[in-house]
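Visitor:
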Amino acid sequence: MTNLATASLEHIVFLRRMEKENTYQHALIWSGPDPLPLSINYPHNYTPHPIALKAAEDLIPKIEQILSPLHNFGLNGDGTGLGKMFGILVVEDEEGKLSYLAAFSGKLDSGNHAAGFVPPVFDTLHPEQFYLDGEAEIVKVNEAILSLENSTEYLDIKAAIQSAEEQSSIEIKELKDLISTNKLTRKLSRNSGAKDEESLTSLDHQSAREHFQLKDLKRQWKERIDLLYAQKAILEEKVNALKIKRKSMSNQLQARLFDSYAFTNYLGESKSLLDLFDLQPPSGAGECAAPKLFQYAFTHGLKPIAMAEFWFGRSPSSEVRRHLLYYPACRGKCEPILGHMLQGLSVDPDPLADPEFSSALELKVLYEDDELIIINKPDNLLSVPGKEITDSVKTRVEKRYPEIEGPVVVHRLDMSTSGILLIAKNAEAHKILQKQFEDRTIQKTYLAVLDGVVETANGKINLPLRVDLDDRPRQMVCYEYGKEAVTYYQVIGIEHGKTRIRFFPHTGRTHQLRVHAAHQLGLNTPIVGDDLYGSKAGRLHLHAEKISFNHPGTNERINIHCPADF
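Here it is in structure tokens:
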């Protein structure tokens, strides 16, 4: 086994060799028909440029050769191991020479460094840094807490308390039972005719003695048990003091760690995690691939040209990640960091935030009367306004029907999903329709095309869902905190390796059908065009095709069908 001193020396030697040999820049020759992009792609919503795809294709064999011996990516089929998100950044040096950088998110089984992959923004495992020493000190406090909590003295006191409480209950109950028996005997004696004064006095004295005996027994046991609890409290006070110390040490170490992550932007300005997040930064902030790539580029005089991130290996059990598929940078941890790092650099706009993107989308009315409107929502239009995008079905309906009062939108469809959406023209109609959704008397049918072959003809998917706090609006499977999510499905047909399918949702969770289709415990086949859980390709092939409900005014059953355009 390698000792700590030897491991520390090897770590330092490795880092110095990496810097000296400059193994971080990979040669890249571009002669493709597509011109180089004039601006870097928006990291949270993009289609990889061909030059980024070329760099990724060059990197994949290197991952297999260099990293597979260092990390179990879960591709051996035995159910162990876990994949990683990888990133590439095509860069240009001062002489106009192209190359690409590579990075992995987080740490490998072997550590946070590997030949050919840029270093972390802050190396928590570097033996000359404060973090390992700080962790070691916290471990010592943890060991002291465990030592006290598992000491013979503490365990003996806990056992003595339990034994005393059990024995006190037994003795007090026995005395109470005896007193009850004697009380009944005295009552029978009185009723039998023993009425002389001396006999009555004797019976009264016996009753009083037993009363004081019970009171004295309870007092004795209370004093004994209180003494044991006092002894236990002395030891627990030491434990609590150590826990307070541990929390303080952990908070100080975390604050110092957050302050040590210094992110440099294109303008040469540097900010820490504490500067970039209004609240406490989420765990793992700064460890994703994209910040590592831009950090190395900006601190080594390299200009970013194009970026891409892809998953390599086995998917986590809770999230939807597919081997070798491309994904946008996460928002929860990366958006504040990249928002700072890309300042001064020409960046493509978020296509969904472009007003012209949704202005051409038309709202088609399928049905209308005095109580409600039923529309065919186009894909890529929000149901209600978002934080950054205001154009939505709600805002358009309110503009077109200024006389409408109340909440208007009865339910929602994902921005990428097209199809039937109910609009209430008054508060009472909204209330009645909402109640039908709550009671699940409204029936909805969705049509989708899945990017692969589903073998089963029909079935039920039951996977509880919750939001991914680090990457909203993505959802994840969570059996501990997730809400019930149930979907029934029926395969319509298979053509050219893709499955046409109908979904019948029993519940209506965010992204429910998308996750149930893509997740390995669901159909394991993402919907065509799903940029969050599959591959971005044109539109999302998911359409709210049918709805059946009771009219809020007449209670007549209404059935609406809106065919998909795919």
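Last residue of the sequence shown: number 567 in the working numbering, and the count goes up by one each step with no gaps.
Built from N, CA and C at the ideal position, the CB exists for glycine as well.
Let me check understanding here. Comparing Cα to Cα, which of 36, 307, 362 and 132 lies closest to residue 606?
Guide: Because the chain spans 2 through 567 in this model, residue 606 falls outside it and cannot be assessed.
Visitor: Could you tell me if residue 294 is buried or exposed, where buried requires 16 or more neighbouring beta carbons within 10 angstroms of its beta carbon?
Guide: Per the 10 Å Cβ criterion, buried.
Visitor: Looking only at its chain, what residues have a beta carbon closer than 7 angstroms to the beta carbon of residue 472, apart from the 5 residues adjacent to it on each side?
Guide: These residues qualify, in order along the chain: 331, 332 and 333.
Visitor: Let me know the secondary structure DSSP gives residue 500 once reduced to three states.
Guide: Strand, per DSSP.
Visitor: Just list the residues that DSSP pairs residue 184 with in beta bridges.
Guide: DSSP lists no partner for residue 184.
Visitor: Short of 6 angstroms in beta carbon distance, which residues of its chain neighbour residue 474, apart from the five on each side in sequence? Order them along the chain.
Guide: So no residue of the chain qualifies.
Visitor: Sort 76, 413 and 186 by Cα distance to residue 65 and report the nearest one.
Guide: If we check each option's Cα against that of residue 65, 76 comes out closest.
Visitor: When burial is assigned at 16 or more other CB atoms within 10 Å of the CB, is residue 497 buried or exposed?
Guide: Exposed, since its Cβ has fewer than 16 Cβ neighbours within 10 Å.
Visitor: Inspect the beta-carbon positions of residue 165 and residue 243 and report whether they are closer than 8 angstroms.
Guide: No, they are not a contact pair.
Visitor: What are the start and end residues of the beta strand (DSSP E) that includes residue 377?
Guide: First-last of the beta strand (DSSP E) with residue 377: 373 to 378.
Visitor: Quick one: which unbroken alpha helix (DSSP H) runs of 4-plus residues sit fully inside the region 120 to 156? Chain order, please.
Guide: Within the region 120 to 156, the complete alpha helix (DSSP H) runs of at least 4 residues are 131 to 150.
Visitor: Between residue 424 and the ligand MG, is there a pair consisting of the residue's CB and a ligand heavy atom that are separated by less than 7 angstroms?
Guide: As presented, the structure is devoid of all ligands, the ligand MG included, so that no description of it is given.
Visitor: Find the nearest neighbour of residue 104 within the set 346, 147 and 26, judged by alpha-carbon distance.
Guide: Nearest of 346, 147 and 26 to residue 104, Cα basis: 26.
Visitor: Check each candidate in 343, 514, 238 and 148 and name the one with the smallest Cα separation from residue 588.
Guide: Limits of the chain in this structure are 2 at one end and 567 at the other, which puts residue 588 out of reach.
Visitor: Is it the case that the Cβ atoms of residue 177 and residue 215 are separated by a distance below 8 angstroms?
Guide: Against a cut-off of 8 angstroms, the Cβ pair of residue 215 and residue 177 comes out as a contact.
Visitor: Can you check which of these residues, 400, 444 and 566, is closest to residue 509 by C-alpha distance?
Guide: Closest by alpha carbon: 444.
Visitor: Return the first residue and the last residue of the beta strand (DSSP E) that residue 313 is part of.
Guide: Start and end: 304 to 313.
Visitor: Can you list, in chain order, the residues of its chain whose CB lies under 6 angstroms from that of residue 40, leaving out five sequence neighbours each side?
Guide: So the qualifying residues of the chain are 347, 348 and 349.
Visitor: Secondary structure at residue 202, three-state DSSP: helix, strand or coil?
Guide: If DSSP states are grouped into helix, strand and coil, residue 202 belongs with the helices.
Visitor: Would you say residue 423 faces chain B, with C-beta separation under 8 angstroms as the test?
Guide: The structure shown contains no chain B, having only a single protein chain.
Visitor: For residue 265, report the span of its beta strand (DSSP E) as first-last.
Guide: That run of the beta strand (DSSP E) goes 263 to 265.
Visitor: Ignoring anything shorter than 3 residues or poking outside the region 27 to 109, list the beta strand (DSSP E) runs there in chain order.
Guide: DSSP runs (the beta strand (DSSP E)) wholly in the region 27 to 109: 85 to 93 and 99 to 105.
Visitor: Of all the options 391, 341, 98 and 385, which has the alpha carbon lying nearest to the alpha carbon of residue 355?
Guide: The shortest C-alpha separation from residue 355 is found at 391.
Visitor: Below 8 angstroms on the Cβ atoms is my contact criterion, and I expect residue 423 with residue 382 to pass it. Report the Cβ-Cβ distance as a whole number of Å.
Guide: That belief does not hold up - the Cβ atoms of residue 423 and residue 382 are roughly 15 angstroms apart, past 8 angstroms.
Visitor: Can you check whether the CB of residue 264 is closer than 8 angstroms to the CB of residue 338?
Guide: Taking 8 angstroms as the Cβ cut-off, residue 338 and residue 264 qualify as a contacting pair.
Visitor: Output needed for residue 408: all residues of its chain with C-beta closer than 8 angstroms, excluding positions within five of it in sequence on either side, in chain order.
Guide: Counting only Cβ-Cβ distances below 8 angstroms, and skipping sequence neighbours, we find 425, 428 and 431.
Visitor: Assess, as a yes-or-no matter, whether the region 452 to 462 is touched by the region 556 to 563 under the definition of 3 or more beta carbon pairs within less than 8 angstroms.
Guide: Judged by Cβ distances under 8 angstroms, the region 556 to 563 makes no contact with the region 452 to 462, as fewer than three pairs qualify.
Visitor: Rounded to whole angstroms, what's the CA-CA distance from residue 169 to residue 257? Just pull it up for me.
Guide: Approximately 53 angstroms, taken between the alpha carbons.
Visitor: Would residue 33 pass as a contact of residue 49 if the rule is Cβ separation under 8 angstroms?
Guide: Result no, Cβ atoms of residue 33 and residue 49 do not sit closer than 8 angstroms.
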